[in-house]
Amino acid sequence: MTADSTPALVQPADGPDGDPATPAGTLSAARGPRARTTTEYLKYAAAKIAGAVVSLFAVLVTSFFLFRLIPSDPVKQMTGGRKVSTEQLANLRHQYGLDQPMWKQFTSYVGDALTGDFGISFQYHTPVIDKIMDALPATLLLTGTAYVLYSALGIWLGTRTAWRNGSRSDRFNTAFALTLYSVPAFWLGLLLIIVFAVGIGPIPGMFPTGGLESGGETGFAYVIDVAHHLVLPVITLVAVGYAQTLLVMRSSLLDEMGSDYLTTARAKGLRDDVVRRKHAVPNAMLPTFTLMFVNLGHVVAGQILVETVFSWPGLGGLFYSALSVPDLPLVQGLFFVFATAVILANTLADILYPLLDPRVGR
Amino acid sequence: MATKAQRDTHDQHHRTNRSGVRVLLAAGAAAFSLTAALATPLNPAPHEAKAADDGGKKVLTVALAQSVDSLSPFLATRLVSTSILRLMYDYPTNYDPKDNHVVPGFATKWEPSSDKLTWTYTIRSDSKWSDGEKATAHDAAFTFNKMMTDDAAATANGSFVGNFEKVTAPSDTQLVIKLKKPQATMTSLDVPIVPEHVWKDVKDYSKFNNDQKFPIVGNGPFILTDYKTDQYVKLKRNPDFWRKSKNPQFDEIVFKTYKDQDAAVAALRKGEVSFVAGSPALTPAQAASLKGEKNIKVNEGPGRRFYAIATNPGARTKDGKKFGDGNKALLDQKVRQALFRSVDTKTIVDKVFQGHAVQGEGYIPPRFKDYFWSPSDSQKLSYDPGAAGKLLDEAGYKLKDGKRVGKDGKALDLRILCHATDPNDKAVGKYLKEWWGKLGVGLKVDCLDDVSVPWYAGEYDLAFDGWSVNPDPDFVLGIHTCAALPAKAKESAATDNFICDKKFDDLYGKQLAEYDPAKRAEYVKQMESWLYDSGYMNVMAYPNAVEAYRTDQIKSIETMPTAAGNIYGQDGYWSWWSAEPVSSSDSGSSDSSSTTGVVIGIVVAALVVIGGGLLFTRRRRSTADERE
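Here it is in structure tokens:
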């Protein structure tokens with residue numbers, strides 16, 4: 001989440017501690033210039049985990065106060081438009097614990113949250129954790145699929161464009177990716193709905209306009225149905241998301257391309273393709289790994305606007321509707337889960353990184 | 001920078017370009033395309049809400065803009081949920097679709113005692129629950145008693161039983177409700193009656209959402225058979241529903257959640273849903289884009305909402321403690337009336353609502369004709385900037401260098417609270433700035449996502465206001481009584497904008513205790529007349545209900561009022577109960593899209609096969625050296 005919780009984009013292999021003769025070896029700690037002792041590593045990992053725990057607690061505290069800064073009245077919002085007496089409103093405030101002093105609300109929130117209890121959603125009358133667990137699979141399916149695809153596409157195109165630096169395809173691919181990157185995801189989503197769901201001109205409406213399933217399907221038909229619903233939102237997410245990976249991959253590979261160890265590899269008579277795949281790309285992958293871990297944390301949070309446009313029943317859409325009340329227990333719970341995912345992904349990156357690049361954590 | 005050697009190898013690289021990532025990517029893309037291809041030819045226009053489904057089942061699909069908050073009648077508050085509950089359960093009474101007058105529902109007859117404190121309802125004997133049990137007065141007594149004794153069960157409809165002393169069921173067909181004081185709204189108890197034998201076992205009413213066991217036992221015109229949060233609600237026709245005159249024609253109704261209104265409109269255009277309503281209306285742009293479209297009818301009926309400007313008459317608590325910072329100039333009736341005389345409601349209807357609204361007059365919209373009131377010519381505060389200027393002069397706000405300045409030498413500058421999410425507020429705000437600016441009054445438009453906090457803190461001068469009105473006007477009148485004021489400063493309360501006036505309260509008490517409909521309507525109109533003169537509320541428009549449906553799926557559907565009314569959010573189940581599907585002989589088949597779908601599917605599948613073949617060939621061509 002913070003700059004120091006993720007490894008900085010490093011210059012691998014040909015940096016001061018690099019081993020130009022065995023660039024591929026940088027991926028193995030054992031083959032590094034100075035083997036890290038297990039104790040050293042465990043100390044490093046423990047420090048990172050401790051940092052994550054502190055961050056999680058900070059998030060827990062922040063989530064309580066942050067959403068109380070929103071000027072709104074959940075009880076009035078929820079009863080809006082219905083005949084409710086002033087006494088009934090007071091009763092509801094009591095039921096939701098909103099009449100308690102702030103410090104009391106805070107201590108009971110933290111106490112409960114530590115046991116995994118985020119309270120009952122104001123608007124859905126369901127335990128927050130159940131609501132989150134219900135919506136989580138849909139989000140993981142959507143953003144997880146998109147994550148795999150845009151990471152793969154970004155790495156592949158990033159490698160291609162860097163290797164063909166300055167070529168027409170490099171310029172086109174980079175410009176195209178950047179254009180898509182700057183397109184608002186919900187707008188692109190709506191456009192895809194109009195073109196590929198409703199159909200325009202000779203293009204027929206091939207995909208559903210929204211939702212996760214048609215309802216009523218079972219077995220293999222259900223899988224196909226969900227996959228069918230998944231196509232357009234995934235395309236939207238991939239289209240706006242792959243540019244980031246592409247650019248990082250491209251720039252780090254460009255940095256590698258002038259390196260001596262590549263010249264050495266070529267001098268050994270290796271084919272250009274092999275030099276690229278087995279020598280240059282593995283080293284250039286390190287910054288991309290960092291980015292992928294950062295993005296991995298966001299997979300849980302989903303994409304609020306894309307989930308809304310495609311009526312995807314995931315956490316992003318849930319967060320949107322919870323914020324509009326605001327349904328305090330639900331927004332707090334969701335915020336905590338989102339932040340936890342990012343912190344965990346970053347901690348995982350921190351812990352794994354020394355295994356990928358031995359210079360980290362010394 | 002790439003070296004020359006590197007650039008020189010581009011051709012070679014191009015020919016042999018292959019990597020694990022690429023294979024993975026190709027496999028992913030192939031799987032993805034395959035999914036699309038598989039789905040497309042098998043099901044080209046998938047699950048379109050055809051009037052006739054494959055098994056001959058007639059399904060009507062309605063696009064919903066909101067999520068269902070709960071399916072428990074004791075908890076559900078949103079319009080979408082209460083509309084669905086109307087289909088699942090019978091209510092004591094219903095409203096006639098023609099003119100909103102009260103008609104029998106679960107009760108066939110009702111009668112007050114001579115002291116006006118006891119109401120006796122005759123409960124119908126021909127209603128049964130979907131599990132076969134008989135629906136009786138005991139179920140109704142159980143429902144009301146539960147709301148009276150359990151705070152959690154009073155969450156949604158507690159206000160209906162606030163004045164109840166005792167509820168009993170002396171027999172299967174008799175329900176007796178004793179009141180603390182007379183209450184004219186006893187024929188409008190909009191409470192779903194639940195089966196006692198199912199609900200008596202519920203332990204915690206605050207957490208029971210009635211959405212786990214399907215089908216849900218009910219006695220309405222439809223039975224709820226399936227529900228998935230934020231996805232869909234399915235209901236099937238209840239063959240045992242007592243109203244046999246015209247049983248529902250559709251076998252199934254599916255309410256499908258579309259969180260984005262434009263996506264819902266796209267779904268209608270495609271035929272994936274049969275009906276779409278706005279929240280509360282389709283935007284003028286959406287309506288315009290659908291008008292003239294083949295097989296789509298845009299239905300526009302008089303709305304049940306009013307759209308107004310409210311002034312802050314000085315925020316106060318029930319015991320008279322003043323708070324807030326409303327501009328004192330607005331305590332002068334002449335200033336309030338002057339502001340309203342410089343609001344051109346015709347321009348607002350024409351330009352902001354683009355004709356999809358009716359100019360405002362009295363407090364209750366004209367569709368509720370029994371209670372609709374409009375000012376006489378002499379009473380009318382019509383648009384007249386000249387008269388407005390004179391009123392301000394009289395109030396002591398003279399024009400000085402283009403600004404109205406009070407006796408204290410301060411210029412008259414006001415603030416208006418606007419809902420940031422409502423484009424109408426923003427547009428009207430611009431007009432007001434211009435009109436009131438010409439009058440010499442400054443205006444700051446404060447647009448907020450949630451206006452409730454400054455509103456209930458009394459920290460505003462004016463506010464854009466609007467309410468949806470029920471056939472019984474008690475609610476929208478009640479929010480202006482002294483009883484609705486907050487107990488503590490800044491605490492949310494039932495009040496709309498702190499109006500508390502003895503004359504208004506007296507009239508409110510009289511209308512609530514008056515059981516003669518004509519006399520009650522007279523009191524209601526007097527209240528509207530008082531509200532109009534006071535200048536506290538300026539009703540600018542009654543926005544129309546704008547919605548659309550597919551005529552190739554729905555042959556006919558009942559609006560409310562029957563002559564040019566709305567379909568979604570009716571007071572009753574008339575629209576979905578009356579909807580008639582287009583029979584297969586009526587509908588011109590639109591199988592062309594299916595054919596195109598199949599063609600596209602085949603093309604995609606072919607591409608996948610070709611792509612796979614290429615991949616395979618190139619893999620074979622790679623050298624042994626590279627594979628190592």
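As you go down the protein sequences, you meet chains A and B in turn.
Counted from 1, the first sequence has number 27 at position 27 by full-length UniProt numbering; the numbering is strictly sequential.
Counted from 1, the second sequence has number 298 at position 298 by full-length UniProt numbering; the numbering is strictly sequential.
Think of the CB as a built atom: it goes at the ideal place given N, C-alpha and C, for glycine as much as any other residue.
(message) Quick check on DSSP: helix, strand or coil for M206(A)?
(response) Here residue 206(A) corresponds to residue number 206 of the first sequence, with the count starting at 1. It is coil, neither helix nor strand.
(request) Show which residues of chain A have a CB atom less than 7 Å away from the CB atom of L75(B). (result) Along the second sequence, one-based indexing puts residue 75(B) at 75. Result: H125.
(message) Taking 8 Å as the cut-off, does the region 475 to 487 of chain B touch the region 430 to 447 of chain B (at least 3 CB pairs, one atom from each stretch)?
(response) no
(message) Helix, strand or coil for R164(A)? Go by DSSP, reduced to three states.
(response) Within the first sequence, numbered from 1, the residue matching residue 164(A) stands at position 164. DSSP places R164(A) in coil when its eight states are reduced to three.
(request) Can you pull the chain B residues whose beta carbon is under 7 Å from the beta carbon of residue 375(A), in chain order? (result) This structure does not reach residue 375(A), given that chain A is present from 1 up to 362, and the question cannot be answered.
(message) Between the alpha carbons of L290(B) and R304(B), how many angstroms are there, rounded?
(response) Taking the first residue of the second sequence as 1, we reach residue 290(B) at position 290. Taking the first residue of the second sequence as 1, we reach residue 304(B) at position 304. The straight-line gap from Cα to Cα measures roughly 23 Å.
(message) Just to make sure I have the definition right: I need the residues of chain A whose C-beta is within less than 9 Å of the C-beta of residue 691(B). Which are they?
(response) Residue 691(B) lies beyond the residue range present for chain B, which begins at 1 and ends at 628; the question has no answer from this structure.
(message) So if DSSP puts C482(B) in a beta bridge, which residue, or which two residues, is it bridged to?
(response) Along the second sequence, one-based indexing puts residue 482(B) at 482. Beta-bridge pairing links C482(B) to no other residue.
(message) Can you tell me whether G199(A) is helix, strand or coil according to DSSP?
(response) Sequence index remark: in the first sequence, residue 199(A) carries index 199 (1-based). Correct three-state label for G199(A): strand.
(message) Please classify R250(A) as buried or exposed, where buried requires at least 16 neighbouring CB atoms within 10 angstroms.
(response) Taking the first sequence and counting its residues from 1, the one referred to as residue 250(A) is at position 250. With 16 or more other CB atoms across the displayed protein chains lying within 10 angstroms of its CB, R250(A) is buried.
(request) Taking C-beta pairs closer than 8 Å, name the residues in chain B that L69(A) reaches, listed in chain order. (result) Start at 1 with the first residue of the first sequence, and residue 69(A) comes out as number 69. None at all; the shortest Cβ gap to chain B is about 11 Å.
(request) Pull up the distance between the alpha-carbon of P561(B) and that of S376(B), whole angstroms please. (result) Your numbering for residue 561(B) matches position 561 in the second sequence. Your numbering for residue 376(B) matches position 376 in the second sequence. Each residue's alpha carbon lies about 26 Å from the other.
(request) Pull out every residue of the region 260 to 276 of chain B whose Cβ sits closer than 7 Å to any Cβ of chain A, in chain order. (result) D260, D262, A263, A266, A267, R269, K270 and E272
(request) Just the chain A side, please: which residues come within less than 8 Å of A493(B) by C-beta, in chain order? (result) What you label residue 493(B) is simply residue 493 of the second sequence in a count that begins at 1. Residues of chain A passing the Cβ test: T86 and L89.
(request) Could you work out which residues of chain A lie near F475(B), taking near to mean beta carbons separated by less than 7 Å? (result) For the purposes of this step, residue 475(B) is identified with residue 475 of the second sequence, where counting begins at 1. Ordered by position in chain A, the residues that pass the 7 Å Cβ test against F475(B) are K83.
(message) Please identify the residue among P581(B), Y573(B), Q66(B) and W577(B) whose C-alpha is closest to the C-alpha of P313(A).
(response) Walking along the first sequence from the start, residue 313(A) turns up at place 313. Ranking P581(B), Y573(B), Q66(B) and W577(B) by Cα distance to P313(A) puts Q66(B) first.
(request) Note down, in chain order, every chain A residue with its Cβ under 8 Å from the Cβ of K181(B). (result) Position 181 of the second sequence holds residue 181(B). Those do not exist, as K181(B) stays about 14 Å from chain A at its closest Cβ, beyond 8 Å.
(message) Short of 8 Å in beta carbon distance, which residues of its chain neighbour Q379(B), apart from the five on each side in sequence? Order them along the chain.
(response) In the second sequence, the residue the question calls residue 379(B) occupies position 379. Correct list, in chain order: S529, Y532 and D533.
(request) Kindly say whether N209(B), judged by its beta-carbon, lies nearer than 7 Å to any beta-carbon of chain A. (result) Your numbering for residue 209(B) matches position 209 in the second sequence. Residue contact with chain A for N209(B): present (Cβ-Cβ distance below 7 Å to some residue of chain A).
(request) Quick one: grab the DSSP three-state call for N566(B). (result) The count along the second sequence starts at 1 and reaches residue 566(B) at position 566. Note: N566(B) maps to strand in three-state DSSP.
(request) Could you tell me if R171(A) is buried or exposed, where buried requires 16 or more neighbouring beta carbons within 10 angstroms of its beta carbon? (result) As a first step, residue 171(A) must be located in the first sequence, where it is residue number 171. R171(A) is exposed by the Cβ-count criterion.
(message) Below 8 Å, how does it come out for the region 353 to 364 of chain B and the region 507 to 515 of chain B: are there three or more Cβ pairs, yes or no?
(response) The region 353 to 364 of chain B vs the region 507 to 515 of chain B: no contact.
(request) Tell me where the beta strand (DSSP E) around Q359(B) begins and ends. (result) On the second sequence, residue 359(B) is found 359 positions in, with the first residue counted as 1. Note, Q359(B): beta strand (DSSP E), A357 to Q359.
(request) Taking only runs that begin and end inside the region 392 to 443 of chain B, name each unbroken alpha helix (DSSP H) of 4 or more residues, in chain order. (result) 423 to 439
(request) Determine the closest residue to M540(B) out of S130(B), G429(B) and D190(B), with distance taken between C-alpha atoms. (result) Counted from its first residue, the second sequence places residue 540(B) at position 540. It is G429(B) whose Cα lies nearest to the Cα of M540(B).
(request) Put residue 629(B) into one of helix, strand or coil per three-state DSSP. (result) The requested residue 629(B) is not part of the displayed model; chain B covers only 1 to 628.
(message) Short of 8 Å Cβ to Cβ, which residues in the region 531 to 553 of chain B face chain A?
(response) none
(message) Just to confirm my understanding: we take L352(A), look at its own chain, exclude 5 residues before and 5 after, and list those with CB closer than 7 Å. What are they?
(response) As a first step, residue 352(A) must be located in the first sequence, where it is residue number 352. Contacts found: none.
(message) Residues of chain B with CB closer than 8 Å to the CB of G317(A), please, in chain order.
(response) Here residue 317(A) refers to the residue found at position 317 when the first sequence is read from its first residue. Ordered by position in chain B, the residues that pass the 8 Å Cβ test against G317(A) are D230 and K259.
(request) Tell me, to the nearest whole angstrom, how far the beta carbon of S83(B) is from that of G569(B); I am working on the premise that it is less than 8 Å. (result) What you label residue 83(B) is simply residue 83 of the second sequence in a count that begins at 1. What you label residue 569(B) is simply residue 569 of the second sequence in a count that begins at 1. The Cβ separation is near 6 Å, so the contact holds.
(request) May I have a chain-ordered list of the alpha helix (DSSP H) segments no shorter than 4 residues that lie completely inside the region 131 to 155 of chain B? (result) With a minimum length of 4 residues, the continuous alpha helix (DSSP H) runs that stay inside the region 131 to 155 of chain B are 137 to 149.
(request) Could you have a look at G241(A) and say whether DSSP puts it in helix, strand or coil? (result) The residue given as residue 241(A) occupies position 241 in the first sequence. Correct three-state label for G241(A): helix.
(message) Mapping the DSSP letters down to three states, classify Y171(B) as helix, strand or coil.
(response) On the second sequence, residue 171(B) is found 171 positions in, with the first residue counted as 1. The question names Tyr, yet the displayed sequence has Ser at residue 171(B). If DSSP states are grouped into helix, strand and coil, S171(B) belongs with the strands.
(request) Leaving out five residues on either side along the sequence, give the residues of the same chain with a beta carbon under 8 Å from the beta carbon of T108(B). (result) Here residue 108(B) is taken as the residue at index 108 of the second sequence, counted from 1. So the qualifying residues of the chain are T122, I123 and R124.
(request) Within 10 angstroms of the Cβ of Q354(B), are there 16 or more other Cβ atoms? Answer buried if so, exposed if not. (result) On the second sequence, residue 354(B) is found 354 positions in, with the first residue counted as 1. Q354(B) is exposed by the Cβ-count criterion.
(request) Could you work out which residue in L178(A), T143(A) and S324(A) is closest to G302(A) when comparing CA atoms only? (result) Mapped onto the first sequence, residue 302(A) falls at position 302. Of the listed residues, the one whose Cα sits closest to G302(A) is T143(A).
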